[in-house]
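Enquirer: In my numbering, the protein residues as written are -1 to 358. The beta-carbon is built from N, C-alpha and C at its ideal position, and this holds for glycine as well. In this text, all values refer to a predicted model and were calculated from it rather than measured experimentally.
Structure follows, in structure tokens:
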């Protein structure tokens, strides 16, 4: 009897495990990375002006410790949660208004993805990173360590809402459309909603062209006349890989927002920018990247009417699974928005930095 009971228990446990495996299908899978860095302002200032994740100069910084949990069930429903810890999380909190920038924990993403029976595409509901721009929040997935002006000022970082993705032509054409809150906000600041859309074409293995944009009110208000002030964005990315060693990338952004112009009648203000990237892999472990940018702002994004130019050079070496980077960057503005070693206004800023990144 005892042996029979044990056998039944083992059989029941095996059956439950089989059922559970069928429900879970895949996951949960845990991954992430740790990013530690140091940067120095060659002007002698303690702050890197008009920077995002590397604004604190002359300091060791835990940039980001990110943990990602994702999985799916046998019905095609998938989930993903990304949580960031450290300096980058504090910067993201400042963007979405969820907490003070000294709160070094941020829920970067949390969403469900499920099949759409009408379009046979994928519906995503929750908070997700923006599809716009050539650079992303995770430094390990960029060619350069510091984020460029287009990432910092031209586009949003995240969206909260719903979107639909649909792949066509065996993945050579991908379409996306969605309705979301204002830029970077988990809780909207007005009654309106923002529409996002994107189309990506991959004609060959070496070339991809992506064009997208958004439109909607982003100003915090309950006044109907102000809620009509819209913010528009057009984003275009071209990626070309002529060889398996060389990658070339171009990103153009244009935006306009009503009611934020410098004039007294609250006219619209525009911004536009172009970023060019080149990444050359000397070996599987060693590479070099170069980024050139120009960003023209009428004051809506940086608070000053100016043209920003920047050039960034990054060397990367992989060693025992660790990504090691050294970077030099020069920023220049048509206005004296930077600070020199004497605390005086300057139109140029030079910085250097090193980073160590380990992904798991």
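#1: For residue 206, which residues in the same chain have their Cβ closer than 6 Å to its Cβ, ignoring the five residues on either side in sequence?
#2: Considering only the beta carbon of each residue, do residue 120 and residue 156 sit closer than 8 Å?
#3: Would you mind listing the alpha helix (DSSP H) stretches within the segment 190 to 262 that are 4+ residues and don't spill past its ends, in chain order?
#4: Can you find the residues in the same chain that come closer than 8 Å, C-beta to C-beta, to residue 333, ignoring five residues on each side of it along the sequence?
#5: Which value, in whole angstroms, describes the spacing of the CA atoms of residue 40 and residue 329?
#6: I need the straight-line Cα distance from residue 252 to residue 230, nearest angstrom please.
#7: If you check the beta carbons only, do residue 77 and residue 352 fall under 8 Å apart?
#8: Taking Cβ positions only, does residue 113 come closer than 8 Å to chain B?
#9: Is it the case that the Cβ atoms of residue 211 and residue 178 are separated by a distance below 8 Å?
#10: Look up residue 325 in the DSSP assignment and give the residues it is bridged to.
#11: Since residue 191 contacts residue 158 with CB under 8 Å, what's their CB separation in whole angstroms?
#12: Could you name the residues that DSSP lists as bridge partners for residue 107?
#13: Of the choices 145, 86, 337, whose alpha-carbon is the least far from that of residue 326?
#14: Leaving aside the five residues before and after residue 343 along the sequence, list all residues of the same chain whose C-beta is less than 8 Å from its C-beta, in chain order.
#15: Beta-carbon within less than 8 Å of residue 204's beta-carbon, same chain only, minus the 5 sequence neighbours each way: which residues are those?
#16: From this set, 341, 295, 331, 339, which residue's C-alpha is nearest residue 151's C-alpha?
#17: Just checking my contact of residue 80 with residue 66 at CB under 8 Å: how many whole Å lie between their CB atoms?
#18: According to DSSP, residue 295 sits in a beta bridge with which residue or residues?
#19: Would you mind working out which of 170, 227, 258 sits nearest residue 197, comparing C-alpha positions?
#20: Cutting at 6 Å between CB atoms, please list the residues of its own chain near residue 331, excluding the five before and the five after it.
#21: From residue 291 to residue 250, what distance separates their C-alpha atoms?
#22: Would residue 271 and residue 288 qualify as a contact pair, given that the criterion is a beta-carbon distance under 8 Å?
Expert: Short version:
#1: 200, 237
#2: no
#3: 222 to 225
#4: 302, 303, 304, 345
#5: 12 Å
#6: 8 Å
#7: no
#8: Protein chains in the displayed structure number just one, and chain B is not present.
#9: no
#10: 312, 351
#11: Between residue 158 and residue 191 the Cβ distance is about 11 Å, and since that is not below 8 Å, they are no contact.
#12: 80
#13: 145
#14: 334, 335, 336, 337
#15: 238, 239, 240
#16: 295
#17: 5 Å
#18: 269, 304
#19: 170
#20: 304, 306, 345
#21: 10 Å
#22: no
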